[in-house]
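Q: Please find one structure pasted underneath; my questions will follow.
Numbering (the working numbering), first residue to last: 17 to 240.
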C-alpha cells in the first residue's frame, strides 16, 4: 500500500482549519491538527499546543521532530482582538504576535531544517491584511506580516507551492464572545472548498482574496 501524504493544519480544531482538515481527509491525507481543544472529528491526529505559551520555538521544534515528513502545511490559527494600541496590554500584544506571526515563522523554519523541502504551504490571512481598521491595528499588522512572509518564502526553492488565502469574515467560533453579527459572513465549508479547488492549478505562488458580498474568489497575484 502506498504511503499516505501528511498534512499539518495549525489551528485545525475549529472554523476554516477544521473544514480544510475534513477535505484533506477526503483527499486521503494523513491529517494532523493542532489546537487547544480536541474536535469531534474521526481519523485525525490531534496535537495540543498553546501558541501563546513560553518557549514557543522549542515546543514547535519538538512537535515537528515528532512528525513524519510534511507534504501540506496550512497555518489557520488566529483569534479576534479589538482595541487601539494604547488599549491593549503587553500580553495582548505578545499573544497576537506569537499566534499571528512568530509561530508560523517557527513552523516553517523547523520543517525546512528537518526535511529541506515543503511541497505545499497554505497560510490563511484576512482582508485585514490590506484594510486598516481603527480597533484592529495589531491584528492587521500580523496579517499584513503573514502575507509578506508567505510571499517572501515562496521565492525560496525549498517551498514548491504557496497559496496565500485572504478571506473576509467567516461564520465561525472566531467571533464568539463578541457582538459581531455574522449572519452575512462566509460559510467556512465553502471557503475551504474554494481553497482546495485553487490548489489544482499549477503555480509557485498565488494570492487569492475570498470576498463576502456576492461570495467570490478574486485573484490578487500569481507566479508560475
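Cβ coordinates follow ideal geometry from the N, Cα and C atoms, glycine included.
Between residue 138 and residue 90, how many whole angstroms is the CB-CB distance? I'm expecting something under 8 Å.
A: Indeed, because the Cβ distance is near 4 Å, the residues count as touching under 8 Å.
Q: In the DSSP output, which residue or residues are listed as bridge partners for residue 46?
A: BP columns for residue 46 point to 22.
Q: Taking 7 Å as the limit between beta carbons, can you name the residues of its chain near residue 154, skipping five residues before and five after?
A: Result list for residue 154: 97, 101, 104, 109, 112, in chain order.
Q: Do the CB positions of residue 73 and residue 27 come within less than 8 Å of each other?
A: Contact: no.
Q: Find the nearest neighbour of residue 207 within the set 21, 19, 39, judged by alpha-carbon distance.
A: Selected option, being the one with the closest Cα: 39.
Q: Is DSSP giving residue 221 helix, strand or coil here?
A: Strand.
Q: Is the beta carbon of residue 149 less than 8 Å from the beta carbon of residue 156?
A: For residue 149 and residue 156, yes; Cβs fall inside 8 Å.
Q: Please report the distance separating the alpha-carbon of residue 179 from that of residue 210.
A: Residue 179 and residue 210: Cα-Cα distance of roughly 12 Å.
Q: Under the three-state reduction of DSSP, which class applies to residue 28: helix, strand or coil?
A: Of the three classes helix, strand and coil, the one that applies to residue 28 here is coil, per DSSP.
Q: List the whole-angstrom C-beta distance separating residue 31 from residue 183, where the pair is believed to meet the contact cut-off of C-beta under 8 Å.
A: Rounded, the Cβ-Cβ distance is 10 Å, inconsistent with contact.
Q: With DSSP collapsed to three states, give me the class of residue 55.
A: Note: residue 55 maps to coil in three-state DSSP.
Q: From residue 235 to residue 166, what does the alpha carbon distance come to, in whole angstroms?
A: Distance between the alpha carbons of residue 235 and residue 166: 16 Å.
Q: How far does the beta strand (DSSP E) with residue 63 in it reach, from first residue to last?
A: Residues 60–64.
Q: Flag residue 73 as yes if its beta-carbon sits less than 8 Å from any beta-carbon of chain B, otherwise no.
A: Protein chain content of the structure displayed is limited to a single chain, and chain B is not contained in it.
Q: Using a 10 Å radius around the Cβ and a threshold of 16 neighbouring Cβ atoms, would you call residue 129 buried or exposed?
A: By the neighbour-count rule (16 or more Cβ atoms within 10 Å), residue 129 is not buried but exposed.
Q: How long is the line joining the alpha carbons of residue 44 and residue 62, rounded to whole angstroms?
A: C-alpha separation (whole angstroms): 17 Å.
Q: For my contact list, residue 127 and residue 181 are in at a C-beta cut-off of 8 Å; report their separation, rounded to the angstrom.
A: Actually they do not touch by this definition, with Cβ atoms about 19 Å apart.
Q: For residue 20, count neighbouring C-beta atoms within 10 Å of its own C-beta (all shown protein chains included) and say buried if the count is 16 or more, exposed if not.
A: Under this definition residue 20 is an exposed residue.
Q: How is residue 159 classed by DSSP in three states: helix, strand or coil?
A: Helix, per DSSP.
Q: For residue 240, count neighbouring Cβ atoms within 10 angstroms of its own Cβ and tell me buried if that reaches 16, exposed if not.
A: With fewer than 16 other Cβ atoms within 10 Å, it is exposed.
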